[in-house]
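Shown next, in structure tokens, is the structure this report addresses.
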Amino acid sequence: MSTKPRGSRRELNYDPDAAYMLSWASTSPRPTRKCAARRKYYIDSDSDPDNDDDDMVAVNKRATTLHNAIQGITLGAGIHSNQRTVPPVQIATQEHSNSRLFKSLPVEIHQKIVDYLPKDRDVTRYAQICRSTSVSITSSVWRKRFARTFDTSEDMSSQQLAREYMTIRGISRKWCCFDEVKLRGSVTWQLMEEQKNNKPLCLQMLKGLIINSNARKELDKDGNECVIGLNHDYIRKLVTQDAEQNSKNEVQFIDIIDAILKTDVNAFSEKILSAEDEYLVQVIQLCLTPLNLHQKYGTRFHHFDLSQEMAYANPLKQPVFLGEWKQRLNIYWLLATINFFKLHLQHNGEGLLAGEYLDLEPGQSPQTWLGKLKDETQELGTYWKGAYTFMEQRDLVSFRRACSGRNGNPTVFVDDFEPLQDISIFFNESKFPSKKWPRSFEKLNQTDPYVEIPYSSLQPRNLRSRKSPITEAENRRYPFKSFYGTARGEKLAHFYGRIHALPPQGGIPGFQRVSLIKFWEHDGEFDPNMMWAYEGCVLPGNRIIVGRWSWITDTQIQDDDIFSGPFIFWNVDDSRADPPIEETESLDFLESLKDLKIGI
580 MSTKPRGSRR ELNYDPDAAY MLSWASTSPR PTRKCAARRK YYIDSDSDPD NDDDDMVAVN
640 KRATTLHNAI QGITLGAGIH SNQRTVPPVQ IATQEHSNSR LFKSLPVEIH QKIVDYLPKD
700 RDVTRYAQIC RSTSVSITSS VWRKRFARTF DTSEDMSSQQ LAREYMTIRG ISRKWCCFDE
760 VKLRGSVTWQ LMEEQKNNKP LCLQMLKGLI INSNARKELD KDGNECVIGL NHDYIRKLVT
820 QDAEQNSKNE VQFIDIIDAI LKTDVNAFSE KILSAEDEYL VQVIQLCLTP LNLHQKYGTR
880 FHHFDLSQEM AYANPLKQPV FLGEWKQRLN IYWLLATINF FKLHLQHNGE GLLAGEYLDL
940 EPGQSPQTWL GKLKDETQEL GTYWKGAYTF MEQRDLVSFR RACSGRNGNP TVFVDDFEPL
1000 QDISIFFNES KFPSKKWPRS FEKLNQTDPY VEIPYSSLQP RNLRSRKSPI TEAENRRYPF
1060 KSFYGTARGE KLAHFYGRIH ALPPQGGIPG FQRVSLIKFW EHDGEFDPNM MWAYEGCVLP
1120 GNRIIVGRWS WITDTQIQDD DIFSGPFIFW NVDDSRADPP IEETESLDFL ESLKDLKIGI
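Reading the sequence shown from the start, the letters are residues 580 to 1179 in our numbering.
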């Protein structure tokens, strides 16, 4: 015991409130764990109600002992008080009464209380109070929390939803780093093992959230129509970095968007992800393009030189689709092209289109998809915004040759562009039937990947050798739908095309292939030197199209001289074209082409 100078002794006073709190903490019975026979959705650690009377004897005894001990310490310290002696605190009877009252509450009341608890761990702790609370935390409690957090599925039982909820919430708290450059700088064997375990779980969680999403359109507080989706909101919380919100929502930040073009299955000698998992990473990154291009969230830029090189690459070396049936995405090219447009759309200093793009209203910007993703050929929405960039053909040839021999040294050329276009797409089987696609169009731009063109006849293609069997998914032939439309910007153009579904990519359905021929008007007439072939990938949900345009010419040119570049379209709520686009414009132009033996 430390000594103090004479005259400096501090007088101790007996505090009845402190005595009460101390006695409550000391006399509270310790809970004992008991196992329930039924399936648990809680952690059972409560006292046995049958021993309440025995517990109360111990409570009174400990309370009296504690009171006497406090009195003894006070007298032993030589403390003199003019206050009257405080009697022992009698709390046992009141505590016993409150305990019985709480335990007698109906299950419905306990479940109503739990509805107001903000975090999952609060529910778990509530279940630990006593047996009455623990038996109240049933699968229906977790079903309610699932319905508040995720888009629900009607074909799942309460038990299934409870398990699904716990699984997703548990994985959401695990740390995953998809940026291999960042991970490579601080890798240890413990970290490697953690990532090998966490990444596949994280990918399956994100994949499930995307597939099971079911967003809809509603009016916000300002009366504006917007996309509302619980799965979309949850994904947004996971992939956008906000430390305060992440802590509040009990989730870990996942850098899967920031890691675009930074994932590499061969980054480490011991692979963390399989090749299929890496492909799934990139498929998910494609699906999250609306968030990547969002004016608020997508603000990080990197690898522009690589993205520009890929966007303007020779179509024969970097096609949009791979395989003889064009059933698999050239996913690295698509991600690089989106990253290329991200800088031009969002970077206020260097982006060619940023000034116009960043001023767009929410309904004119890229948006997340609506409803469920479907594994079928689907029609597209009517109203779109579009952008494309290009280089002068002489610069393009120089750029490609410089890229092929630069040995890792960045080579960035200046792009040119047209302002954003307003585009309208129409589907009308009576006016432009899908089964009567003009063969003259097919000669200019192959829309059907299942056939070989010579032009004389459309014969089935011998797609694979016997050593490489065709899978059931790849063997499926999706039907085509034909469309037509008009694009209005600085120039007026009309186009005619076809669309068909692709097999699920990485297990995620909804991807489609679109191909079209675009004609620019010159003084209201057809210009044979202004025909363009477009080929692109429709991302799941039919809200964004990314692809390549190429110049259609009869001139024999070398591979590096192919005049081409990237384009991106996104679906919008309404058209801002001035004057408004009429459906008859492109149909009337098509009639004028037939006189030239085109479009028949």
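In this text, a Cβ means the ideal position worked out from N, Cα and C, and glycines have one as well.
- SER719 and GLU797 have their C-alpha atoms roughly 28 Å apart.
- SER944 carries a coil assignment under DSSP once its states are collapsed to helix, strand and coil.
- Residue range 809-818 is occupied by the alpha helix (DSSP H) that includes HIS811.
- For CYS982, the uninterrupted alpha helix (DSSP H) run begins and ends at 972-983, by DSSP.
- Contact between ASN810 and SER826 is absent: CB atoms are separated by about 21 Å, not below the 8 Å threshold.
- Listed as beta-bridge partners of VAL806 by DSSP are LYS796.
- Look at the beta carbons and you see the region 882-894 not touching the region 851-862: under three pairs across the two are nearer than 8 Å.
- Listed as beta-bridge partners of LEU1095 by DSSP are GLY1076, TYR1113.
- For GLY934, the three-state secondary structure derived from DSSP is helix.
- Linking LYS951 to LEU924 through their CA atoms gives a straight-line distance of about 28 Å.
- Note that the region 773-789 does not touch the region 683-702; fewer than 3 beta-carbon pairs, one per stretch, sit closer than 8 Å.
- For the pair GLY1178 and SER1003, the CB atoms are not nearer than the 9 Å cut-off.
- The C-alpha of LEU770 lies about 27 Å from the C-alpha of LEU867.
- The Cβ atoms of ASN871 and ILE814 lie no closer than 9 Å to each other.
- At a cut-off of 4 residues, the continuous stretches assigned as alpha helix (DSSP H) that sit fully inside the region 1139-1177 are 1162-1173.
- When the Cα atoms are used, ILE1124 and ILE863 turn out to be separated by approximately 16 Å.
- If you draw a straight line from the Cα of ARG727 to the Cα of PRO697, it comes to about 11 Å.
- Within the DSSP bridge table, the entry for HIS1101 names GLU1104 as partners.
- Residue burial is scored here from C-beta neighbours: PRO685 has fewer than 16 other C-beta atoms within 10 angstroms and is therefore classed as exposed.
- Rounded to the nearest whole angstrom, the C-alpha separation of ALA933 and LYS964 is 14 Å.
- Partner residues in a beta bridge of ASP954, as assigned by DSSP, do not exist.
- SER1009 counts as exposed, since fewer than 16 other C-beta atoms from the protein chains shown sit within 10 angstroms of its C-beta.
- Rounded to the nearest whole angstrom, the CA to CA distance from ILE1141 to ARG879 is 32 Å.
- If you check the CB distance, CYS781 and LYS753 come in under 9 Å.
- Using a Cβ distance threshold of 9 Å, GLN957 and ILE1078 count as a contacting pair.
- In the structure shown, THR961 adopts coil according to DSSP, grouped into three states.
- The region 1067-1077 and the region 931-945 do not touch, with fewer than 3 CB-CB distances between them shorter than 8 Å.
- The C-alpha of GLU804 is placed about 8 Å away from the C-alpha of GLY942.
- DSSP, read as helix, strand or coil, puts SER1019 in helix.
- Here ILE1136 is actually not in contact with ASN1024; their C-beta atoms are around 17 Å apart, not less than 8 Å.
- A distance of 9 Å or more separates the beta carbons of VAL976 and ARG1127.
- Close CB contacts of ARG1067 within its chain, under the 7 Å cut and outside five residues either way in sequence, are with GLN1000, ASP1001, ALA1156, ILE1160 (chain order).
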